[in-house]
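Colleague:
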Amino acid sequence: MLAMSVFASSAGAEVNSTGLAVTDTEVIVGQLHSATGTMAISETGSIQAERLAIEQINASGGILGRQIKVIQEDGASDWPTFAEKARKLLERDKVAAVFGCWTSASRKAVLPIFEKENGLLYYPTFYEGLEQSKNVIYTGQEATQQILAGLDWVAKEKGAKTFYLLGSDYIWPRTSMKIARKHIENVLGGQVVGEEYYPLGNTQFGSLTNKIKLKKPDVIFAAVVGGSNVAFYKQLKAAGITSDKQTLLTLSVTEDELLGIGGENMAGFYASMKYFQSLDNPNNSEFVKAFKAKYGNDAVIGDVTQAAYLGPWLWKAAVEKAGSFDVDKVVAASAGLELDTAPEGYVKVHENQHLWSKTRIGQVQANGQFAVVYESDLIEPNPFPKGYQ
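Note that the sequence shown ends on residue 380 in this note's numbering; no numbers are left out.
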């Protein structure tokens, strides 16, 4: 269980002056993820981790003496549905905070609603950056912490010069690859030999595997998301594109997706993340143990799952520091919050509402876990990197 390093009494403070769903005994929050559809493979872990954190917080006395109650909504892998459910949670349910979204498309769909209603979203996914909102705390990495650091590693370690970029067809992969292309061409002096995008849920990658075999890139740089990953990696293997012949670095496969793909179908390939379940530190050992105790011994924990777990704990810390559930006060109290008991290690909330964190490169093992082969120093979040916009 996480112990927060920041605590303040609510005595004498206006705990709730803005009409949120807070009583003397409970506070209501929202959960908004895809429990169904193509993104459920990725978002189920976030739902589970947020629930675990909330259960632990409640068991330790709650927040400002109040128990957290959850209203869960299903975005159903559909962006207009995310917007509709966000509106319900904020306008009708008056939730004090929302833990939710996964894709950038879902986040972009709800963002105007959070800003209009002055709601607070804890967003757990690594993403393309180029965004900062007073109504969002970003607990995943932005591009400089995942994409640039990952490309630097593969260029140095593998001597990579040619890259084949591919992803699912929506904002995060396209913007990520735009950033990647600039870094490859302008900083690394490399060459992009192919770039392709496929619809969410796509399962046909035959023509792609043929093009990769033809181009023979030093690195396949992949940002395929959700259920499509299962078909993609199985078809790569069937085409003979395996790690003994080809370097692949993914931005989007965590232990959650590997569960569906099968470690044997990706063994030897790499992922750029800030967290892997295999991290060897006391915080993580405790987290993994608690997660498996709740969800079963076969449950796995990926990068976004861990980042989702941080959300309720960071919210608790900010609320207690502010002595209030009011969104503006909670946001003001968030900058500078430190968490030295996060499963990933130490994190700190930057004034831009992203987290300082490390980049790690993990190599896929046949058992569905990752072996960490590289770890950076702590990287300051920079959602608007000069020269990449």
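Here a beta-carbon is modelled for each residue, glycine too, at the ideal position from N, C-alpha and C.
Helix or strand or just coil, what does DSSP make of F267?
Modeller: Counted from its first residue, the sequence shown places residue 267 at position 276. Correct three-state label for F267: coil.
Colleague: State the start and end residues of the unbroken beta strand (DSSP E) segment that holds Q58.
Modeller: Within the sequence shown, residue 58 is the residue found at index 67, counting from 1. Per DSSP, Q58 belongs to the beta strand (DSSP E) from Q58 to D65.
Colleague: For V18 versus R57, is the C-beta spacing smaller than 8 Å?
Modeller: Locating residue 18 in the sequence shown gives position 27, counting from the first residue. Locating residue 57 in the sequence shown gives position 66, counting from the first residue. Taking 8 Å as the Cβ cut-off, V18 and R57 qualify as a contacting pair.
Colleague: Excluding the 5 residues preceding and the 5 following T153 in the sequence, name in chain order all residues of the same chain whose CB lies nearer than 6 Å to its CB.
Modeller: Counted from its first residue, the sequence shown places residue 153 at position 162. Taken in chain order, the residues that qualify are Q182, V184, P208 and D209.
Colleague: Beta carbon of G141, beta carbon of I352: below 8 Å?
Modeller: Here residue 141 refers to the residue found at position 150 when the sequence shown is read from its first residue. Here residue 352 refers to the residue found at position 361 when the sequence shown is read from its first residue. Using a Cβ distance threshold of 8 Å, G141 and I352 count as a contacting pair.
Colleague: Terminal residues of the continuous beta strand (DSSP E) containing A12?
Modeller: Position 21 of the sequence shown, counted from the start, is the residue given in the question as residue 12. Taken as a continuous stretch (DSSP letters only), A12 belongs to no beta strand (DSSP E), as it is neither H nor E.
Colleague: In terms of DSSP beta bridges, what is A362 paired with?
Modeller: Counting from 1 along the sequence shown, the entry for residue 362 is found at position 371. Its beta-bridge partners are Q354.
Colleague: Give me, in chain order, the residues of the same chain whose beta-carbon lies closer than 6 Å to that of A31; leave out the 5 immediate sequence neighbours on both sides.
Modeller: In the sequence shown, the residue the question calls residue 31 occupies position 40. Within the same chain, A31 has close Cβ partners S25.
Colleague: Name, in chain order, the residues that DSSP records as bridge partners for Y129.
Modeller: For the purposes of this step, residue 129 is taken as residue 138 along the sequence shown, with counting starting at 1. Looking at the DSSP assignment, Y129 forms a beta bridge with Y114 and H345.
Colleague: Is it right to say P391 is buried, meaning 16 or more other beta carbons lie within 10 angstroms of its own, or is it exposed?
Modeller: Shown here, the chain extends from -8 to 380; a query on residue 391 therefore has no answer.
Colleague: Less than 8 Å between the CB atoms is what I'm expecting for T130 and L239, so what's the real figure, rounded?
Modeller: Taking the first residue of the sequence shown as 1, we reach residue 130 at position 139. Taking the first residue of the sequence shown as 1, we reach residue 239 at position 248. Rounded, the Cβ-Cβ distance is 27 Å, inconsistent with contact.
Colleague: Need the endpoints of the alpha helix (DSSP H) that K79 sits in, please.
Modeller: Here residue 79 is taken as the residue at index 88 of the sequence shown, counted from 1. Per DSSP, K79 belongs to no alpha helix (DSSP H) and is neither H nor E.
Colleague: Among the candidates K149, N7, F117 and L191, whose CA atom is the shortest distance from the CA of A67?
Modeller: As a first step, residue 67 is located in the sequence shown; it is residue number 76 there, counting from the start. The candidate whose alpha carbon is nearest that of A67 is L191.
Colleague: F105 lies in the alpha helix (DSSP H); which residues open and close that run?
Modeller: If you number the sequence shown from 1, residue 105 lands on position 114. S95 to E108 is the extent of the alpha helix (DSSP H) around F105.
Colleague: Please go through the same chain and pick out, in chain order, the residues whose beta-carbon is closer than 6 Å to the beta-carbon of T194, but skip the five residues on each side of it.
Modeller: Here residue 194 refers to the residue found at position 203 of the sequence shown. A222.
Colleague: Report the option in S167, S276, R42 and P273 whose CA atom is closest to the CA atom of V216.
Modeller: Here residue 216 refers to the residue found at position 225 when the sequence shown is read from its first residue. Ranking S167, S276, R42 and P273 by Cα distance to V216 puts S167 first.
Colleague: Express the C-alpha separation of A313 and F105 in angstroms, rounding to a whole number.
Modeller: Residue 105 sits at position 114 when you count from the first residue of the sequence shown. Residue 313 sits at position 322 when you count from the first residue of the sequence shown. Straight-line Cα distance between these residues: approximately 20 Å.
Colleague: For G3, count neighbouring C-beta atoms within 10 Å of its own C-beta (all shown protein chains included) and say buried if the count is 16 or more, exposed if not.
Modeller: As a working note, residue 3 is residue 12 in the sequence shown. Because G3 carries a pLDDT of 34, less than 50, the predicted location of this residue cannot be relied on, and the following value inherits that uncertainty. With fewer than 16 other Cβ atoms within 10 Å, it is exposed.
Colleague: Might you give, ordered along the chain, the residues of its own chain that have their beta carbon closer than 8 Å to the beta carbon of T27, omitting 5 neighbours on each side?
Modeller: If you number the sequence shown from 1, residue 27 lands on position 36. So the list reads D65, A67 and S68, once near-sequence residues are dropped.
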